[in-house]
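Going down the list, the protein sequences come from chains Y and S. Under this note's numbering, the residue at position 191 of the first sequence is numbered 421, and the numbers go up by one with no gaps. Under this note's numbering, the residue at position 124 of the second sequence is numbered 117, and the numbers go up by one with no gaps. Inspection log for the structure reproduced underneath, given as structure tokens.
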Amino acid sequence: MGGAGRNPIVPGPEEETRAIAACQRGDRDAYGLIVKAYAARAVDVARSILRDAALAEDVAQEAFVRAFRAIRRFKLGEPFYPWLYRILKNCCLSALKRRPAEASLDSEDAPPVPAAPSDPSAPAARKELRAAIDAAMATLSETHREILHLAHFEELAYKEIAACLRIPIGTVMSRLWAARQALKKALAPVVEHHE
Amino acid sequence: MSDPDLRVLLMGYLDGELEAADRTRVERALASDPDLKREYEEMRKLKELTAGFAVDERSDAELEMFWTGVYNRMERHTAWMLLLFGFTGVVAAGAYLFFTHPWPHWSVKLAGACGLVGTLLLLWSVWRERCRVLPHDRYHREVHR
Chain Y
231 MGGAGRNPIV PGPEEETRAI AACQRGDRDA YGLIVKAYAA RAVDVARSIL RDAALAEDVA
291 QEAFVRAFRA IRRFKLGEPF YPWLYRILKN CCLSALKRRP AEASLDSEDA PPVPAAPSDP
351 SAPAARKELR AAIDAAMATL SETHREILHL AHFEELAYKE IAACLRIPIG TVMSRLWAAR
411 QALKKALAPV VEHHE
Chain S
-6 MSDPDLRVLL MGYLDGELEA ADRTRVERAL ASDPDLKREY EEMRKLKELT AGFAVDERSD
54 AELEMFWTGV YNRMERHTAW MLLLFGFTGV VAAGAYLFFT HPWPHWSVKL AGACGLVGTL
114 LLLWSVWRER CRVLPHDRYH REVHR
């Protein structure tokens, strides 16, 4: 686990630490490397919270700007992503507060889960399956969606999830259990089709 | 399944996150409890179903465009701060000259003073609102933590 979707421009923790140290000295080019390394993940997280692709891009950019303004307070040597994640999440929540009517997270508003694809290995079917999973995810609570996103799509280790959410590893496991139960229920027709 | 701890540990087992002692405990329970085994299989299938949908990589051009967007916002923020600083300085200097110079009639000075006080009141109102909002802003607390 760990690191899926992370662009390889910043290949390792040492290079990342060097780049962040340069950012703390005000080097914007170095920050460009960090932004490019985490952009895809940040937009994906924002999209999972906001469920609005255009707004997600906008909020993710704003989160990177805020992170740069606060980067001198970042403790070098600590993992960067959980720190960025928390800023990003707060930006998303602020964006939701600004437009509660359009971005309601009520599960009643979620689209119905599409039928299971006929051949899950075909590219078109993979797309259908992803749509079914997204629709099922949309019916879950924000807490469940968040932890499933981190565990399943970002493929983070429990330690990283715990750091992102500021919860103990035991809570990660119990929350993941509840979230998977909810997802299993929401995805029941698709899961049965694959059996 | 009777032991709620085992359900939770099952997640760690499924994701390969357990210490050896807990792993052994779950494996023993899986061997002896068909309900637990069934639940594990269901969770494993669910995990398999959602596997392979990790975050999409972006092309270099897309990343460059994203970075340009971030850079522009950072640059504009600096520009706004400089503009605000400069504007405040110019207004303060202008107000000082306006009120200390003997030329304008006192009625013009009074009108100018009204305009200045009105502007200051508006700025104070905006600032006070910001001060009320910021302490409740989760992001603000996060950065200072």
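Backbone N, C-alpha and C fix where the C-beta goes; we use that ideal spot for every residue, glycine too.
* Simplified DSSP assignment, three categories, for residue 70 of chain S -> Counted from its first residue, the second sequence places residue 70 of chain S at position 77. Residue 70 of chain S: helix per DSSP, three-state reduction.
* To do: Measure the CB-CB distance between residue 1 of chain S and residue 407 of chain Y and report whether it falls below 8 Å.
  => Position 8 of the second sequence, counted from the start, is the residue given in the question as residue 1 of chain S. Position 177 of the first sequence, counted from the start, is the residue given in the question as residue 407 of chain Y. Cβ distance < 8 Å, so residue 1 of chain S and residue 407 of chain Y count as in contact.
* Compute the distance between the beta-carbons of residue 41 of chain S and residue 414 of chain Y, then report whether it is under 8 Å. => Here residue 41 of chain S corresponds to residue number 48 of the second sequence, with the count starting at 1. Here residue 414 of chain Y corresponds to residue number 184 of the first sequence, with the count starting at 1. It is not a contact, given that the beta carbons lie outside the stated cut-off.
* In chain S, which residues lie with their C-beta within 9 Å of the C-beta of residue 292 of chain Y? -> The count along the first sequence starts at 1 and reaches residue 292 of chain Y at position 62. The answer, in chain order, is 63, 66.
* residue 43 of chain S and residue 382 of chain Y: beta carbons closer than 8 Å? -> If you number the second sequence from 1, residue 43 of chain S lands on position 50. If you number the first sequence from 1, residue 382 of chain Y lands on position 152. For residue 43 of chain S and residue 382 of chain Y, yes; Cβs fall inside 8 Å.
* Establish whether the CB of residue 256 of chain Y and some CB of chain S are separated by less than 8 Å. => The count along the first sequence starts at 1 and reaches residue 256 of chain Y at position 26. Judged by the 8 Å Cβ criterion, residue 256 of chain Y is not in contact with chain S.
* Label residue 322 of chain Y either buried or exposed according to how many other C-beta atoms from any shown protein chain fall within 10 Å of its C-beta, with 16 as the threshold for buried. => Position 92 of the first sequence holds residue 322 of chain Y. So residue 322 of chain Y ends up on the buried side.
* Asked: Can you name the residues of chain Y whose CB is closer than 9 Å to the CB of residue 8 of chain S?
  -> For this step, residue 8 of chain S is matched to residue 15 along the second sequence. Simply 231, 381, 387, 388, 403, 406.
* Counting contacts by CB-CB distance shorter than 8 Å, is residue 370 of chain Y in contact with chain S? -> By 1-based counting over the first sequence, the position of residue 370 of chain Y is 140. Judged by the 8 Å Cβ criterion, residue 370 of chain Y is not in contact with chain S.
* Asked: Looking at the C-beta of residue 270 of chain Y, does it have a partner C-beta in chain S at a distance below 8 Å?
  -> Residue mapping note: residue 270 of chain Y aligns to position 40 of the first sequence, counting from 1. Closer than 8 Å: yes.
* How far does the alpha helix (DSSP H) with residue 48 of chain S in it reach, from first residue to last? -> For the purposes of this step, residue 48 of chain S is taken as the residue at position 55 of the second sequence. That residue, residue 48 of chain S, is in no alpha helix (DSSP H); it is neither H nor E in DSSP.
* Just the chain S side, please: which residues come within less than 8 Å of residue 274 of chain Y by C-beta, in chain order? => The residue you call residue 274 of chain Y lines up with position 44 of the first sequence. Those within 8 Å of residue 274 of chain Y in chain S are 48, 49.
* Is it buried or exposed for residue 395 of chain Y, if we count other Cβ within 10 angstroms and need 16 for buried? -> As a position in the first sequence, residue 395 of chain Y is number 165, starting the count at 1. So residue 395 of chain Y ends up on the buried side.
* To do: Give every residue of the same chain whose Cβ lies closer than 8 Å to the Cβ of residue 333 of chain Y, excluding the five residues on either side of it in the sequence, and list them in chain order.
  => Here residue 333 of chain Y refers to the residue found at position 103 of the first sequence. Low local confidence applies: a pLDDT of 45 at residue 333 of chain Y is under 50, so the model's placement there is unreliable, with the coordinate-based value given in what follows. Around residue 333 of chain Y: 280, 281, 282, 285, 325, 326.
* Asked: So is residue 410 of chain Y in contact with chain S if we call contact Cβ pairs under 8 Å?
  -> As a working mapping, residue 410 of chain Y is identified with position 180 in the first sequence. Yes, residue 410 of chain Y lies at the interface with chain S (some Cβ there is under 8 Å from its Cβ).
* Relative to the C-alpha of residue 405 of chain Y, which residue among Y/392, Y/300, Y/304 is closest? -> By 1-based counting over the first sequence, the position of residue 405 of chain Y is 175. Closest option to residue 405 of chain Y, Cα to Cα, is Y/392.
* Which residue's Cα is closest to the Cα of residue 11 of chain S: Y/357, Y/389, Y/376? -> Position 18 of the second sequence, counting from 1, holds the residue named residue 11 of chain S. It is Y/389.
* Say whether chain S places a C-beta atom closer than 8 Å to the C-beta of residue 262 of chain Y. => Mapped onto the first sequence, residue 262 of chain Y falls at position 32. At least one chain S Cβ lies under 8 Å of residue 262 of chain Y.
* Asked: Is the distance from the Cβ of residue 273 of chain Y to the Cβ of residue 300 of chain Y below 8 Å?
  -> Sequence index remark: in the first sequence, residue 273 of chain Y carries index 43 (1-based). Sequence index remark: in the first sequence, residue 300 of chain Y carries index 70 (1-based). Contact flag unset, no.
* **Alpha carbon of residue 426 of chain Y to alpha carbon of residue 298 of chain Y, nearest angstrom** => The requested residue 426 of chain Y is not part of the displayed model; chain Y covers only 231 to 425.
* Is residue 384 of chain Y close to chain S, meaning its C-beta is less than 8 Å from at least one C-beta of that chain? -> Residue numbering aside, residue 384 of chain Y sits at position 154 when the first sequence is read from its first letter. Yes, residue 384 of chain Y lies at the interface with chain S (some Cβ there is under 8 Å from its Cβ).
* What residues in its chain sit with their C-beta under 6 Å from that of residue 293 of chain Y, if we drop five residues either side in the sequence? -> As a first step, residue 293 of chain Y must be located in the first sequence, where it is residue number 63. Around residue 293 of chain Y: 317, 318, 321.
* **Same chain only: Cβ atoms within 8 Å of residue 91 of chain S, ignoring 5 sequence neighbours per side** => Walking along the second sequence from the start, residue 91 of chain S turns up at place 98. Only 97, 102, 105 meet the Cβ criterion.
* Asked: Helix or strand or just coil, what does DSSP make of residue 117 of chain S?
  -> Numbered from its first residue, the second sequence carries residue 117 of chain S at position 124. Helix, per DSSP.
* residue 294 of chain Y beta carbon near the ligand GDP (any heavy atom closer than 7 Å) -> No copy of the ligand GDP appears in this structure; indeed no ligand is present at all.
* Alpha carbon to alpha carbon, how far is residue 48 of chain S from residue 59 of chain S? Give it in angstroms, no decimals. => Here residue 59 of chain S refers to the residue found at position 66 when the second sequence is read from its first residue. Here residue 48 of chain S refers to the residue found at position 55 when the second sequence is read from its first residue. Their backbone Cα atoms lie some 16 Å apart in a straight line.
* What are the residues of the stretch 80 to 109 of chain S that lie near chain Y, defined by any Cβ-Cβ distance shorter than 9 Å? -> none
* Can you list the residues of chain Y that residue 60 of chain S reaches, using a CB-CB cut of under 8 Å? -> Working through the second sequence from its first residue, we reach residue 60 of chain S at position 67. Under the 8 Å cutoff, chain Y gives 262, 265, 266, 269.
* To do: Tell me, to the nearest whole angstrom, how far the beta carbon of residue 304 of chain Y is from that of residue 264 of chain Y; I am working on the premise that it is less than 8 Å.
  => Taking the first residue of the first sequence as 1, we reach residue 304 of chain Y at position 74. Taking the first residue of the first sequence as 1, we reach residue 264 of chain Y at position 34. Not a contact, Cβ separation roughly 11 Å.
* **Buried versus exposed, by CB contacts within 10 Å (16 or more), residue 89 of chain S** => Here residue 89 of chain S refers to the residue found at position 96 of the second sequence. That one is exposed.
* Would you please verify whether the beta carbon of residue 413 of chain Y is less than 8 Å from any beta carbon of chain S? => Along the first sequence, one-based indexing puts residue 413 of chain Y at 183. For residue 413 of chain Y, the answer is yes, since a Cβ of chain S falls inside 8 Å of its Cβ.
* Hey, out of Y/357, Y/399, Y/410, whose CA is closest to residue 379 of chain Y's CA? -> The residue labelled residue 379 of chain Y in the question sits at position 149 within the first sequence. That would be Y/410, whose Cα lies nearest to the Cα of residue 379 of chain Y.
* Extent of the continuous alpha helix (DSSP H) to which residue 20 of chain S belongs -> Counted from its first residue, the second sequence places residue 20 of chain S at position 27. Note, residue 20 of chain S: alpha helix (DSSP H), 13 to 25.
* **Residue of S/3, S/9, S/-4 minimising C-alpha distance to residue 386 of chain Y** => Taking the first residue of the first sequence as position 1, residue 386 of chain Y is located at position 156. With distances taken between Cα atoms, residue 386 of chain Y lies closest to S/9.
* From residue 355 of chain Y to residue 124 of chain S, what distance separates their C-alpha atoms? -> For this step, residue 355 of chain Y is matched to residue 125 along the first sequence. For this step, residue 124 of chain S is matched to residue 131 along the second sequence. About 52 Å.
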